[in-house]
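Colleague: One structure follows; several queries about it will come next.
Numbering (my numbering), first residue to last: 131 to 607.
Laid out in structure tokens, this is it:
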């Protein structure tokens with residue numbers, strides 16, 4: 131049972147009584163070099179700034195002989211040669227527990243929403259290894275996103291990892307907000323990495339909403355913060371998701387976005403002396419991404435279903451980050467700028483998107499309906515130019531005729547208002563109607579049953595969050 135003394139007891143237990151110290155000998159841009167302290171890569175250190183009478187947290191990122199290379203979590207303003215550097219003897223850990231629900235935290239796991247300190251139930255390492263491959267349970271059950279185009283034509287399995295690929299301004303954050311509000315997962319963990327400061331409050335208040343926040347944990351590291359904050363914010367969000375997975379929960383991890391995480395790693399790598407490789411990205415970027423992305427998925431205790439947004443440079447799906455992430459994940463949702471410009475939202479390009487586990491989590495008749503609708507869409511796309519200019523004569527090809535006849539109905543089905551509810555049972559019935567296939571009751575019950583059981587668990591979690599005072603208005607620093 132929690133007491134008012136828990137946070138003080140935890141603080142005493144975490145205190146290092148033997149201190150290793152050093153002093154700053156050089157500051158070069160983002161990189162701080164010091165003589166000492168005795169430390170290891172990843173260790174947290176404190177740099178005391180006498181002129182400001184304040185401390186700055188930093189992390190050891192490498193060594194050059196006896197010189198320690200550090201990167202600060204905050205501003206380097208005021209740091210000068212001779213500033214005292216104190217090692218903590220520990221790596222970054224994040225306080226986790228049920229009190230995180232409804233809260234906004236920063237890249238070190240501290241409260242960011244001005245609602246007071248968070249009393250953790252335990253501490254998890256921010257940087258950890260993925261689950262053993264042989265301990266991962268097979269994915270066999272659908273998870274609901276509440277987005278018609280995904281639930282119908284790109285079904286997602288519980289514990290699957292997908293990427294949302296799009297250029298800037300095509301609707302990645304809005305789509306993630308829709309999923310966060312409507313998913314049947316027990317817990318949402320949302321990482322806003324490298325986002326504009328304005329978008330943080332917008333996402334929390336507009337896209338997520340009060341009800342969505344009650345069963346969510348939001349981790350924030352904005353674009354103006356140091357590369358280390360943006361990098362570690364991603365690890366902290368994953369650690370929080372792992373904690374809830376270890377409690378037997380089905381977690382929805384939404385990460386926006388991987389490209390800015392990769393850029394943060396590139397900045398740290400270049401500052402540390404790594405040579406640039408593909409398009410200026412350092413080798414550590416391509417080593418780090420699978421280590422982070424593989425931490426989500428299933429385990430022997432629970433699941434983390436993850437959606438990773440990828441900001442595609444120049445709408446080039448083959449640029450290094452997009453290509454690497456697509457090869458790691460279990461599917462990809464592609465957002466099309468042309469659809470967005472036509473006010474087709476969400477701008478999901480169904481034919482360019484794929485869920486590698488869709489067949490595994492869908493019923494037999496549902497799979498037939500998906501195949502039929504995708505074929506109609508593919509035939510229309512192949513002949514669209516001829517149809518648009520009037521060169522196609524109706525009756526020439528029965529497949530093209532069928533595609534033309536069903537085109538408007540399919541478009542209407544795929545377009546969904548941002549706050550429109552789309553129960554999975556109704557979505558599958560409408561999909562069957564488009565394909566001329568009746569989805570049997572048992573397949574509808576299986577999909578709706580999974581949604582109902584998770585919704586009940588989510589309601590329990592929301593009540594738990596209310597009892598800890600986690601809900602309410604949001605303000606950010």
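Note that CB positions come from ideal geometry on N, CA and C, so glycine has one too.
1. Name the DSSP bridge partner or partners of residue 167?
2. Pick from 176, 267, 151: whose alpha carbon is nearest that of residue 378?
3. State yes or no: is the beta carbon of residue 245 nearer than 8 Å to at least one beta carbon in chain C?
4. In three-state DSSP terms, what is residue 243?
5. Compare the Cα-Cα distances from residue 459 to each of 424, 491, 476, 473 and report the closest residue.
6. Under the assumption that residue 575 contacts residue 540 (Cβ atoms under 8 Å), give the Cβ distance between them as a whole number of angstroms.
7. Using DSSP's beta-bridge definition, name the partner residues of residue 567.
8. Would you mind working out which of 483, 551, 578 sits nearest residue 492, comparing C-alpha positions?
9. Counting C-beta neighbours from all protein chains within 10 Å, is the total for residue 412 16 or more, i.e. buried, or is it exposed?
10. Could you pull the DSSP bridge partners for residue 177 from this structure?
11. Check each candidate in 208, 186, 214, 334 and name the one with the smallest Cα separation from residue 80.
12. Rank 373, 387, 479, 461 by C-alpha distance to the C-alpha of residue 429 and give the top, closest one.
13. Look at residue 224 and residue 415 and say whether their C-beta atoms are less than 8 Å apart.
14. Taking contact to mean at least 3 C-beta pairs separated by less than 8 Å, is the region 308-321 in contact with the region 195-204?
15. Does DSSP classify residue 609 as helix, strand or coil?
16. Buried or exposed for residue 584, please, with buried defined as at least 16 other CB atoms from any protein chain shown within 10 angstroms of its CB.
17. Report the partner residues of residue 252 according to the DSSP bridge assignment.
18. Quick check on the burial criterion: 16 or more other C-beta atoms within 10 angstroms. Buried or exposed for residue 516?
19. Go ahead and pull the three-state DSSP assignment for residue 202.
20. Relative to the C-alpha of residue 206, which candidate in 189, 318, 368, 222 has its C-alpha closest?
21. Does the distance from the C-beta atom of residue 247 to that of residue 234 stay below 8 Å?
22. Any contact of the region 555-570 with the region 487-501, i.e. 3+ C-beta pairs under 8 Å?
23. Look up residue 527 in the DSSP assignment and give the residues it is bridged to.
24. With a cut-off of 8 Å on the beta carbons, I'd call residue 476 and residue 264 a contact; round off their distance for me.
25. Here's the rule I'm using: 16 or more other beta-carbon atoms within 10 Å means buried, otherwise exposed. How should residue 158 be labelled?
26. With distances taken from CA atoms, which of 561, 297, 507, 256 is nearest residue 220?
27. How would you label residue 421, buried or exposed, when you count the other beta carbons within 10 angstroms and need 16 or more for buried?
28. Enumerated in chain order, which unbroken segments of the beta strand (DSSP E) with a length of 3 residues or greater are wholly contained in the region 302-372?
29. Alpha carbon to alpha carbon, how far is residue 402 from residue 226?
30. Compute the beta-carbon to beta-carbon distance between residue 295 and residue 507, rounded to the nearest angstrom, for a pair I have assumed lies under 8 Å.
31. Among the residues of its own chain, which have a CB less than 8 Å from the CB of residue 173, if the five just before and after it don't count?
Modeller: Once the coordinates are examined:
1. In the DSSP output, where bridge partners are listed per residue, residue 167 has none listed.
2. Put simply, of 176, 267, 151 the residue whose alpha carbon is nearest the alpha carbon of residue 378 is 267.
3. As a matter of chain content, chain C is missing from the structure shown, which is built from one protein chain.
4. coil
5. 424
6. In fact, because the Cβ distance is near 25 Å, the residues do not count as touching under 8 Å.
7. Its beta-bridge partners do not exist; DSSP assigns none.
8. For residue 492, the nearest C-alpha among the options comes from 578.
9. In summary, residue 412 is buried, with 16 or more beta-carbon neighbours lying within 10 Å of its beta-carbon over all protein chains present.
10. 186, 215
11. This structure cannot speak to residue 80, because the chain is shown only from 131 to 607.
12. 373
13. no
14. no
15. The requested residue 609 is not part of the displayed model; the chain covers only 131 to 607.
16. Because residue 584 sits at a pLDDT of 46, beneath the cut-off of 50, its placement in the model cannot be relied upon, and the following sentence gives the value as read from the coordinates. Burial call: buried.
17. 226
18. Burial call: exposed.
19. Here DSSP, grouped into helix, strand and coil, assigns residue 202 to strand.
20. 189
21. no
22. The region 487-501 and the region 555-570 touch, with three or more beta-carbon pairs separated by less than 8 Å.
23. Bridge partners of residue 527: none, in fact.
24. The beta-carbon separation of residue 476 and residue 264, rounded to 37 Å, does not stay under the 8 Å limit for a contact.
25. exposed
26. Put simply, of 561, 297, 507, 256 the residue whose alpha carbon is nearest the alpha carbon of residue 220 is 256.
27. exposed
28. Within the region 302-372, complete beta strand (DSSP E) segments of at least 3 residues are found at 317-323, 346-351, given in chain order.
29. 31 Å
30. Residue 295 to residue 507, Cβ: 19 Å. No contact.
31. 189, 190, 217, 218, 219, 220, 221
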